[in-house]
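K.L.:
Residue numbers (our numbering), protein chains in the order written: chain G, 2 to 485; chain F, 2 to 485; chain U, 2 to 485.
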Amino acid sequence: MAWNSNLRWRLPLTCLLLQVAMVVLFGVFARYDLDADAHWRTEKQRRNVSSDLENEFYYRYPSFQDVHVMVFVGFGFLMTFLQRYGFSAVGFNFLLAAFGIQWALLMQGWFHHLEDKYIVLGVENLINADFCVASVCVAFGAVLGKVSPVQLLIMTLFQVTLFSVNEFILLNLLEVKDAGGSMTIHTFGAYFGLTVTRILYRPNLEQTKERQSSVYHSDLFAMIGTLFLWMYWPSFNSAISYHGDSQHRAAINTYCSLAACVLTSVAMSSALHKKGKLDMVHIQNATLAGGVAVGTAAEMMLMPYGALIVGFFCGIISTLGFVYLTPFLESRLQIQDTCGIHNLHGIPGILGGIVGAVTAACASPAVYGQEGLAYSFDFQGSKVDWTTRKQGKFQIFGLLVSLAMALMGGIIVGLILRLPFWGQAADENCFDDAVYWEIPEENSIVYIPEDPTLKPGVHSAPLVPVVPTISSIPIAASAMPLVP
Amino acid sequence: MAWNSNLRWRLPLTCLLLQVAMVVLFGVFARYDLDADAHWRTEKQRRNVSSDLENEFYYRYPSFQDVHVMVFVGFGFLMTFLQRYGFSAVGFNFLLAAFGIQWALLMQGWFHHLEDKYIVLGVENLINADFCVASVCVAFGAVLGKVSPVQLLIMTLFQVTLFSVNEFILLNLLEVKDAGGSMTIHTFGAYFGLTVTRILYRPNLEQTKERQSSVYHSDLFAMIGTLFLWMYWPSFNSAISYHGDSQHRAAINTYCSLAACVLTSVAMSSALHKKGKLDMVHIQNATLAGGVAVGTAAEMMLMPYGALIVGFFCGIISTLGFVYLTPFLESRLQIQDTCGIHNLHGIPGILGGIVGAVTAACASPAVYGQEGLAYSFDFQGSKVDWTTRKQGKFQIFGLLVSLAMALMGGIIVGLILRLPFWGQAADENCFDDAVYWEIPEENSIVYIPEDPTLKPGVHSAPLVPVVPTISSIPIAASAMPLVP
Amino acid sequence: MAWNSNLRWRLPLTCLLLQVAMVVLFGVFARYDLDADAHWRTEKQRRNVSSDLENEFYYRYPSFQDVHVMVFVGFGFLMTFLQRYGFSAVGFNFLLAAFGIQWALLMQGWFHHLEDKYIVLGVENLINADFCVASVCVAFGAVLGKVSPVQLLIMTLFQVTLFSVNEFILLNLLEVKDAGGSMTIHTFGAYFGLTVTRILYRPNLEQTKERQSSVYHSDLFAMIGTLFLWMYWPSFNSAISYHGDSQHRAAINTYCSLAACVLTSVAMSSALHKKGKLDMVHIQNATLAGGVAVGTAAEMMLMPYGALIVGFFCGIISTLGFVYLTPFLESRLQIQDTCGIHNLHGIPGILGGIVGAVTAACASPAVYGQEGLAYSFDFQGSKVDWTTRKQGKFQIFGLLVSLAMALMGGIIVGLILRLPFWGQAADENCFDDAVYWEIPEENSIVYIPEDPTLKPGVHSAPLVPVVPTISSIPIAASAMPLVP
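Okay, structure coming up:
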């Protein structure tokens, strides 16, 4: 164990400090939105709304819960594929997300939901907070196994801040559309995380190569994460779209894109293996790229076949990325991308931004209807004179801004995280839960280093027949009762 | 490994070919339903609907997401009970479902949602596509472990087609009611799958007997599937019922039936074991039979006690089936039913059809109210002169048609799948992920007996003490295939 | 194996008897609520409701499904942390909940939903039934591993009955508010279970110490339970609140409280470990305490920062409880609390009751608005002259009544469960699935070659060379290395 990875005071103090700050800031700034306030009944009369169903809660809550599951179970379990890092994958994701949503409620509130100096909270804020945290979970994927929980909390603090600034620039200044967050969440999160991991480059990780791989059932746990992300992605991309057709359309497009993505991911995974075998890494990750890439355009009139085409190519590109790009990034650019987020969020995120820009630029009254077009792109008020072409151009600006923010922010935060006192583990202890977790003793099993002098065959005769006998015993911790 | 199970080109080509076909067909045929189209706003005015909540999305979306979870996590994990087939269970289910929903959107669209030569897609289509694929997942349960992914895609292609034809005959020609799909989904899916597995009969499977069993934690993974199926089944049976009371009632009836089914399944499982012990296979499967059997009648005035009675008997019958029928089918009829779908979907499906017919035949204005009766069974327009008795008769016809279609279709598809070039594995390699998946190597850790006298070097122990040691090693499904 | 733990006839008879009773009672008493009855259409006209959306189903169903998941997957998997008790944790929770919801529908129906001698069932009844069962799941956590399924069914029968009586006293006689059930569900369930486990005290459990701990992947399974409980808790606390702002507010408050709770739990877990390492037990349980403690006040104007404060302290108190209180209770008071429910439901439940009382007592027109205040606390009809102070006082009475009922009931039920013929296991067989479950044979996988020269004892291989040989044994990730 590295001498400096003892979190005894570092982690508790960080957590308590941050949480106290949250309490104080919420006390000063956070109140309920009118839809969640006891004054709702009078408000209803004022708006003369007849039904409680008009309360935003009923429009958004089911989507919120789906998004919530994606952030905590989806991302959390997706990262449990490492054989000895499941506790940290799920546990640290849980920790950073729990802090992140609070900080995001404040940051986003200051930018978007300030009413006479109070932040008003409603279900939409909760969804946006989860969205913001999703970009931190993405970045976590790049540094998984190499950072301490303290570092993760620091990273979350800064990334949420930058995310909110970037989101404000895109949505409010550039007035881009980004329902599913291809740019704000995925592109930003991925390149932020990749920059951080580059700066935290660890030269001696090959010592832990073996721990960087999965084992049979850790891959099954990871599939829980994959499937919940995949299934609920339509809710993710539609959660904050306009009521009615936009939300409806966003769900359909995402559903289509994801379906197509699965087939092409499987196709490439098999085609790229010399014996045509499938690789769990691709099934767990590349199959999701379609959801990322359709994020911006999901609520637009992309058309079902358009969504399929997006998913089609993302499955291919993402799988190729896992096979060729990730090793290249590591060896050449010293970017150690544990979960391959560049293939799942980085490239698909950029593609999503471009697809969104093109879809917006090509939007026409013929397809949207005059009213629909104006409504879908808010071509009213300050934007009344905008053309779809202009919208498309600004979409591209938004993408570039996100990339710039991610790189700049990543560098700054990376340098901060390099400071030696955050309790990070030594290279040889990376990807190992035992550094930060009390691990249940399984004293029936021990670790033997692969000492070359201990190879079978070095030994005397009786061994040879013994080999098949014992080597055919599968083992695991699902400790069987030794029935007397 | 069988020489012919290399999928290197077979699987990629099949996937890409199918996906390209989907893209083209969606391009030619698929558009958005008005509720999901940018013209919704003008449509709203036309229908003079005041609230966006009247958009079908808000009636159906939560149910859709629950159904979606059942198809991908429910069926996928339910089949992970095999000790060395978890990757394939989840992965292939993922693959076939992702393809199936696309093809189902088209097939069902042509039959039910064609508007001036375009298929219009809305949330209801997504639900129906998931339903259709559910019947393929059911059939997958029968052939689990014995077919290649290429065969599964071929099977899906044909089964979805036949499903849609059968569904059209039942719902549009015979005008039967089948909200939860006891007939269209479960009966059809089960007997289709059983016929296919019969035709693909493998005489030498006893070689793999050991791999056909579960291990401790593979049974826990399977319980994830079971519980999500069980919990969301009320959404499944109510997802496409009429708005309001029908949907509400369908959920209640399913909830009741499933609850009763659990108790009787447990009772039988214990009663049929010589020491009164419970069998995970029964808990994982028989507990769900109640949801299948209440499928058709769920939206009818079955009454809560009626639902309980249905669940009561299904739990008993299904468990008996696992204990007595499945072995009989295998030994006598050469039907190798891996997951015992005959007990979970076959018999309960038929029962569900019958229960639905009887419930319909016994429907009366006294119970439904005059208006309610006409509305519930669409006794208007072409059916204005129908009696409940006639409805009941047609329900039975529907059941018989489903059975006939399943058997016929199963024979044809089975024969197609018997062709030697689909990459199927040899008998001795069935139920083994290693055939189609890159399996993580797990050879870095060894077992050391707790007995202090057995420390290396301490002694020149004969193997005698070692053997018990080894046989007491906890073992689990992460069981590595014994690669020759 | 204990001679008396054979359930061959006990369990089947208990299940069948109870289920038959349910069928009969449902037949006599249970019907559909008007919202779920075919007469809904006429009812709609009567109430002149224009939209089917006004059907209660659409207000409550999504919350219901979330609660349903918490009861079956949440509680079920949370208890799979024990290394050899996963089947029982999930399976028995499934069994008791399936029976409990039926019995709860009747008991609560008689108290709250009787319309001319019929219990009318709607989605709200389903939610309340799940709530009632949740308190049984809580109690199950205390006796986990030490009782037979027969005992659990008996316990459920009595606890559901007492729960309903207690709930009636609180909600109808004392007219307290308890949306999330801090008092009715958690306090009652926890102290009921603790009393039962005290009376069922087993002096020789240290024999099973090893089986009372977790193993690596059983802790991951438990995290599935934790996360689904954590994520859906906002739905739990808001499921039966008044439409509109109350439901909306309850979700927000719970979301905030839970988030804060995670950070303080992590902080304490690390601070209390000599090397600052985190303990899975705390992450799995203490992180949820915030949801319990905000249960009563969730729908009140607690304010977001109020919720954060509640979560803040609960995380600390709960973690302290696991470290210091649980061992004390076991050694001093002979209360063997397997899952530490006293820390997750007991103390937080009491705190929740107090927080609710204080929040109610401090409610003011300034915060709620005149109308909002009257509406939120039903200060109309018989309560028209109530003050918030009086409401607060009655909240405290409610808490005390719940505690009294729990202790009294626990004593009675505990004594009943002590009778020797319920098939309970001997002390040395506690926490072992093998007592009640057919466990997949796993040492059958050990393959011993036929070669007689390989029979144990035939050869004298020194163990040293054997070690590396064995080192080629495949192992699951759950096998933790003892780090050098």
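We put the CB at the ideal spot given by N, CA and C, even for glycine.
Note that the structure is predicted; figures quoted are calculated from it, not measured.
Check for me: the beta strand (DSSP E) holding L122 (chain G) runs from which residue to which?
P.N.:
119-122
K.L.:
Are the Cβ atoms of L345 (chain G) and L289 (chain G) separated by less than 8 Å?
P.N.:
Contact: yes.
K.L.:
Given a limit of 8 Å on CB to CB distance, which residues of the stretch 271-293 of chain U reach chain G?
P.N.:
Correct list: S271, A272, H274, K275, K276, G277, K278, L279, D280, M281, I284, T288.
K.L.:
Please tell me whether W111 (chain U) has its Cβ less than 8 Å away from any Cβ of chain G.
P.N.:
no
K.L.:
Hey, is R48 (chain G)'s beta-carbon within less than 8 Å of any beta-carbon in chain F?
P.N.:
no
K.L.:
In three-state DSSP terms, what is W41 (chain U)?
P.N.:
helix
K.L.:
With 9 Å as the limit, tell me which residues of the stretch 224-244 of chain G have their beta carbon closer than that to any beta carbon of chain F; keep them in chain order.
P.N.:
M224, I225, T227, L228, F229, W231, M232, Y233, P235, S236, S239, Y243, H244
K.L.:
L175 (chain F) and M406 (chain F): beta carbons closer than 8 Å?
P.N.:
no
K.L.:
Along chain U, in chain order, which residues have C-beta atoms closer than 7 Å to that of W41 (chain G)?
P.N.:
G245, D246
K.L.:
Could you give the distance in angstroms between the alpha-carbon of L230 (chain F) and the alpha-carbon of V74 (chain F)?
P.N.:
8 Å
K.L.:
Please state whether the Cβ-Cβ distance between G322 (chain F) and A261 (chain F) is less than 8 Å.
P.N.:
no
K.L.:
Using CA atoms only, rank isn't needed, just tell me which of G:T198, G:Y217, G:A105, G:V282 is closest to L83 (chain F).
P.N.:
G:Y217
K.L.:
Within its chain, find whatever has a CB closer than 7 Å to the CB of G77 (chain G); leave out the 5 residues flanking it on each side and keep chain order.
P.N.:
If we look at G77 (chain G) and ignore the five residues flanking it on each side, its Cβ neighbours are A90, V91, N94, F95, G226.
K.L.:
Taking the beta carbon of L401 (chain F) as the centre, do at least 16 other beta carbons fall within 10 Å, making it buried, or is it exposed?
P.N.:
exposed
K.L.:
Taking just the CA atoms, how far does A272 (chain F) sit from W10 (chain U)?
P.N.:
6 Å
K.L.:
Would you mind telling me which residues of chain B sit closer than 9 Å to M302 (chain U), beta carbon to beta carbon, in chain order?
P.N.:
In the displayed structure, chain B is absent; the protein chains listed are G, F and U.
K.L.:
Return the residue from the list G:L106, G:V324, G:C138 that minimises the CA-CA distance to N126 (chain G).
P.N.:
When the alpha-carbon of N126 (chain G) is set against those of G:L106, G:V324, G:C138, the nearest one is in G:L106.
K.L.:
Can you tell me the Cβ-Cβ gap for R250 (chain F) and Y60 (chain U), rounded? I've got them flagged as a contact below 8 Å.
P.N.:
Rounded, the Cβ-Cβ distance is 16 Å, inconsistent with contact.
K.L.:
Count the other C-beta atoms from every protein chain shown that fall within 10 angstroms of the C-beta of L334 (chain U), then say buried if there are 16 or more, exposed otherwise.
P.N.:
exposed
K.L.:
Classify R199 (chain F): buried if its beta carbon has 16 or more other beta carbons within 10 angstroms, exposed otherwise.
P.N.:
Answer is buried; the Cβ neighbour count reaches 16.
K.L.:
Beta-carbon of V267 (chain G) versus every beta-carbon of chain F: anything under 8 Å?
P.N.:
yes
K.L.:
At a cut-off of 7 Å, would you count C340 (chain U) as near the ligand FMN, judging by its Cβ distance to the nearest heavy atom?
P.N.:
In the structure shown, the ligand FMN is absent, as is every other ligand, since no ligand is present at all.
K.L.:
Using 8 Å as the limit for Cβ to Cβ distance, is V263 (chain G) near chain F?
P.N.:
yes
K.L.:
Identify whether Y369 (chain F) lies in helix, strand or coil by the three-state DSSP scheme.
P.N.:
Three-state DSSP puts Y369 (chain F) in a helix.
K.L.:
Spatial neighbours of Q152 (chain F) within its chain, please: CB distance less than 7 Å, with the 5 preceding and 5 following residues excluded, ordered by chain position.
P.N.:
L418, W423, Q425
K.L.:
Jot down the residue ranges of each uninterrupted alpha helix (DSSP H) in the stretch 54-130 of chain F, minimum 4 residues, whole runs only, in chain order.
P.N.:
57-70, 76-79, 87-113
K.L.:
Taking 6 Å as the limit between beta carbons, can you name the residues of its chain near H244 (chain G), skipping five residues before and five after?
P.N.:
Excluding residues up to 5 positions away in sequence, Y60 lie with their Cβ nearer than 6 Å to the Cβ of H244 (chain G) in the same chain.
K.L.:
Using a Cβ-Cβ distance cut-off of 8 Å, determine whether L8 (chain U) contacts chain G.
P.N.:
no
K.L.:
By the 10 Å Cβ neighbour count, where 16 or more other Cβ atoms means buried, how is V29 (chain F) classified, buried or exposed?
P.N.:
exposed
K.L.:
In whole angstroms, what separates the C-alpha of K118 (chain F) from that of D53 (chain U)?
P.N.:
31 Å
K.L.:
Let me know the alpha helix (DSSP H) ranges lying completely inside the stretch 331-398 of chain F, each 4 residues or longer, listed in chain order.
P.N.:
348-362, 366-369, 371-377
K.L.:
Look at the alpha carbon of L171 (chain U) and the alpha carbon of T185 (chain U), and state the distance between them as a whole number of angstroms.
P.N.:
8 Å
K.L.:
Is it right to say L18 (chain U) is buried, meaning 16 or more other beta carbons lie within 10 angstroms of its own, or is it exposed?
P.N.:
exposed
K.L.:
Nearest to Q109 (chain F) by alpha carbon, out of F:Q160, F:T265, F:Y86, F:D67?
P.N.:
F:Q160
K.L.:
On the three-state DSSP scale, how would you describe R47 (chain U)?
P.N.:
helix
K.L.:
Once the 5 residues before and after F100 (chain G) are set aside, which same chain residues still bring their CB inside 7 Å of it?
P.N.:
So the list reads L19, L154, T157, once near-sequence residues are dropped.
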